[in-house]
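Worksheet: one structure, shown below.
4 protein chains.
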Amino acid sequence: MVGYSGSKQDHAVRLRRVEGQVRGLQRMVEDDKYCIDILTQVSAATSALRSFALSLLEEHLAHCVAEATLKGGPEADVKVREASDAIARLVRS
Amino acid sequence: MVGYSGSKQDHAVRLRRVEGQVRGLQRMVEDDKYCIDILTQVSAATSALRSFALSLLEEHLAHCVAEATLKGGPEADVKVREASDAIARLVRS
Amino acid sequence: MVGYSGSKQDHAVRLRRVEGQVRGLQRMVEDDKYCIDILTQVSAATSALRSFALSLLEEHLAHCVAEATLKGGPEADVKVREASDAIARLVRS
Amino acid sequence: MVGYSGSKQDHAVRLRRVEGQVRGLQRMVEDDKYCIDILTQVSAATSALRSFALSLLEEHLAHCVAEATLKGGPEADVKVREASDAIARLVRS
Numbered sequence: 001m002v003g004y005s006g007s008k009q010d011h012a013v014r015l016r017r018v019e020g021q022v023r024g025l026q027r028m029v030e031d032d033k034y035c036i037d038i039l040t041q042v043s044a045a046t047s048a049l050r051s052f053a054l055s056l057l058e059e060h061l062a063h064c065v066a067e068a069t070l071k072g073g074p075e076a077d078v079k080v081r082e083a084s085d086a087i088a089r090l091v092r093s
Numbered sequence: 001m002v003g004y005s006g007s008k009q010d011h012a013v014r015l016r017r018v019e020g021q022v023r024g025l026q027r028m029v030e031d032d033k034y035c036i037d038i039l040t041q042v043s044a045a046t047s048a049l050r051s052f053a054l055s056l057l058e059e060h061l062a063h064c065v066a067e068a069t070l071k072g073g074p075e076a077d078v079k080v081r082e083a084s085d086a087i088a089r090l091v092r093s
Numbered sequence: 001m002v003g004y005s006g007s008k009q010d011h012a013v014r015l016r017r018v019e020g021q022v023r024g025l026q027r028m029v030e031d032d033k034y035c036i037d038i039l040t041q042v043s044a045a046t047s048a049l050r051s052f053a054l055s056l057l058e059e060h061l062a063h064c065v066a067e068a069t070l071k072g073g074p075e076a077d078v079k080v081r082e083a084s085d086a087i088a089r090l091v092r093s
Numbered sequence: 001m002v003g004y005s006g007s008k009q010d011h012a013v014r015l016r017r018v019e020g021q022v023r024g025l026q027r028m029v030e031d032d033k034y035c036i037d038i039l040t041q042v043s044a045a046t047s048a049l050r051s052f053a054l055s056l057l058e059e060h061l062a063h064c065v066a067e068a069t070l071k072g073g074p075e076a077d078v079k080v081r082e083a084s085d086a087i088a089r090l091v092r093s
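Chains as they are written, first to last, in full-length UniProt numbering: chain X, 1 to 93; chain A, 1 to 93; chain Z, 1 to 93; chain L, 1 to 93.
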């Protein structure tokens with residue numbers, strides 16, 4: 001995440017939007033909105049979190065993992081394994 | 001969602017926790033935390049949203065869909081179809 | 001699943017198609033096809049399995065769960081809980 | 001996928017197992033097994049396909065993407081983008 005200030009700004013905007021969606025969900029529950037409408041909003045928030053994660057992951061592969069690959073050594077393998085584990089958690093969450 | 005005040009309280013608590021997780025994500029991005037740690041936190045927030053959705057869905061099946069079934073008529077089919085569509089959105093989000 | 005012979009036929013067709021996709025995957029691995037193309041085919045097979053599951057689940061809600069609701073008693077609650085658990089496994093698989 | 005014969009063997013074994021699961025699903029539908037049991041088996045097959053995909057993806061990052069990174073040039077960016085798109089399809093399938 002270090003130093004990619006354009007995407008940092010973009011990430012901040014996306015997360016504020018997700019926060020807004022989650023606050024919207026709280027109001028929907030408070031106002032006894034219809035379950036199905038609440039579930040639709042949950043799906044939207046989940047999709048937005050996933051998009052954020054996928055965008056962060058692409059940056060991570062393009063920067064941190066690539067730098068480790070160029071340096072070589074065991075660190076490169078560690079980074080690939082670490083990224084793979086994060087992808088697995090993402091797929092299963 | 002109407003009238004199940006115990007679960008309404010429970011839903012509100014879950015969503016406040018998700019909101020806290022999303023605010024935590026914003027701080028992590030702001031503080032240039034390591035991508036993999038941010039991704040782990042995204043997976044936690046996504047899982048928490050999914051758990052909320054699954055709990056809401058179970059209530060919906062037990063109450064709204066069941067009531068429509070007992071009334072009978074086309075409304076019952078509409079409710080099942082609507083719930084199935086919400087499940088499909090949830091699975092794919 | 002008992003007695004809905006139209007959908008039973010439809011389910012059989014869907015599953016034969018998934019089997020074909022999985023055999024296609026085996027040939028792709030055997031022939032050293034490009035990883036990304038194999039992953040695209042995995043996503044297609046996974047989506048097809050999910051669509052089958054969602055269609056089966058909708059039938060289950062419309063028939064088995066609805067019948068249990070009409071009978072009433074504890075069996076109705078058991079059916080809703082069982083369906084909710086299956087949905088949770090589906091969402092997380 | 002080229003030349004990693006140990007993992008190629010491992011992939012073949014995993015996919016044969018998934019094929020067995022899908023044939024098992026066909027028998028379950030044929031024999032009118034209980035929906036919930038069929039759905040449990042679908043979740044198992046979906047999980048097995050996902051595990052295969054995650055293992056293939058990790059290899060792809062460790063070999064094809066790493067090689068492109070070491071060569072440098074636009075090909076490296078293409079490989080990262082391609083992998084990211086495959087991850088997105090996997091997450092959403």
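We put the CB at the ideal spot given by N, CA and C, even for glycine.
For A/Lys-71, the enclosing alpha helix (DSSP H) stretches over residues 66-71. Each of A/Arg-27, A/Ser-55, A/Leu-54 was checked against the Cα of A/Val-42, and the nearest Cα belongs to A/Arg-27. Under the three-state reduction of DSSP output, Z/Ser-7 falls in the helix class.
Fully enclosed alpha helix (DSSP H) runs of no fewer than 4 residues occupy 5-30 of the stretch 4-49 of chain Z, in order along the chain. Around A/Phe-52, the same chain offers Arg-14 as residues with beta carbons nearer than 6 Å, after the five sequence neighbours per side are excluded. Taking a Cβ-Cβ cut-off of 8 Å, the neighbours of Z/Ala-88 in chain A comprise Leu-54, given in sequence order.
Straight through space, the alpha carbons of Z/Ile-36 and Z/Ala-48 are spaced by roughly 19 Å. With a cutoff of 8 Å on beta-carbon distance, A/Ser-84 and Z/Leu-54 are scored as near each other.
A Cβ-Cβ separation of about 5 Å places L/Val-22 in contact with Z/Val-18 under the 8 Å criterion. For L/Ser-43, no CB of chain X lies under 8 Å from its own CB, so it is not counted at the interface with that chain.
Per DSSP, A/Leu-61 lies in no alpha helix (DSSP H) and is assigned neither H nor E.
Under the DSSP assignment, A/Ser-84 falls in the alpha helix (DSSP H) whose first and last residues are 74-92. Look at L/Arg-50: its C-beta is under 8 Å from a C-beta on chain X. Only exposed fits Z/Arg-16, as fewer than 16 other CB atoms lie within 10 angstroms of its CB. A direct Cα-to-Cα measurement between Z/Gly-73 and Z/Lys-79 gives close to 11 Å. The C-alpha of L/Tyr-34 lies about 12 Å from the C-alpha of Z/Glu-59. If you check the CB distance, L/Leu-39 and Z/Leu-70 do not come in under 8 Å.
For X/Ser-84, the C-beta contacts it makes with chain L under 7 Å involve Leu-54, Leu-57, Glu-58, Leu-61, in order along the chain. Proximity of L/Arg-81 to chain Z, defined by a Cβ-Cβ separation below 8 Å, is not satisfied. Between X/Gly-6 and X/Gly-20, the alpha-carbon positions lie close to 22 Å from each other. Identification of chain Z residues near L/Glu-19 by a Cβ-Cβ cut-off of 8 Å yields Glu-19, Val-22, Arg-23, Gln-26, ordered along the chain.
At a cut-off of 8 Å, the C-beta of Z/Ala-76 has no neighbouring C-beta in chain L.
Using a Cβ-Cβ cut-off of 8 Å, A/Val-29 does not count as an interface residue toward chain Z, since no Cβ of chain Z sits closer than that to its own.
With fewer than 16 other Cβ atoms from the protein chains shown falling within 10 Å of its own Cβ, L/Arg-81 counts as exposed. The residues Gln-21, in chain order, have a CB closer than 8 Å to that of A/Ala-44 in the same chain once the five nearest residues on each side in sequence are set aside. Contact annotation: X/Ala-76 and A/Glu-30 have beta-carbon atoms that are not nearer than 8 Å. Taking 8 Å as the cut-off, the beta carbon of A/Val-91 is found no closer than this to the beta carbon of Z/Arg-89.
For L/Thr-46, no Cβ of chain X is located within less than 8 Å of the residue's own Cβ. Non-local C-beta neighbours of Z/Ala-68 in its own chain, meaning closer than 7 Å and more than five positions away in sequence, comprise Glu-75, Ala-76, Lys-79, ordered along the chain.
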